[in-house]
Amino acid sequence: MKLRKADEMEQVQTEKSAKNAYIFFTLALLVLSLVNWMATGKTGWEFSILLAGNAVFLWSRVYYKRKTQ
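Positions 1395 to 1463 (my numbering) are the ones given, in order, by the sequence shown.
Written as structure tokens, this is what we have:
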């Protein structure tokens, strides 16, 4: 099986899809965290995953921005 490089249109579609998925997962984890916090008074594992995911996202943005400069 031979892999081909994605063309420009596929790259744009992938970027938009990744953005939509990121927004969905962030909002879903935030809502679950808020519901859990209101019900039990604790944030739970959802909030930890939300914070870790956002930290990975932001640090990778910083890394790639510095790498391209």
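Quick reminder that beta carbons are idealized off the backbone N, C-alpha and C, glycines included. Note that the structure is a prediction, hence the values are computed from the model and not measured.
**Prompt:** Can the beta-carbon of L1444 be found closer than 7 Å to that of L1423?
**Reply:** In the sequence shown, the residue the question calls residue 1444 occupies position 50. In the sequence shown, the residue the question calls residue 1423 occupies position 29. Using a Cβ distance threshold of 7 Å, L1444 and L1423 count as a contacting pair.
**Prompt:** Secondary structure at G1435, three-state DSSP: helix, strand or coil?
**Reply:** Numbered from its first residue, the sequence shown carries residue 1435 at position 41. Residue state, collapsed to three classes: coil.
**Asked** Distance, Cα to Cα, W1439 vs Y1457?
**Response** For the purposes of this step, residue 1439 is taken as the residue at position 45 of the sequence shown. For the purposes of this step, residue 1457 is taken as the residue at position 63 of the sequence shown. C-alpha separation (whole angstroms): 27 Å.
**Message:** Are the CB atoms of T1437 and S1427 within a distance shorter than 7 Å?
**Reply:** Your numbering for residue 1427 matches position 33 in the sequence shown. Your numbering for residue 1437 matches position 43 in the sequence shown. It is a contact, given that the beta carbons lie within the stated cut-off.
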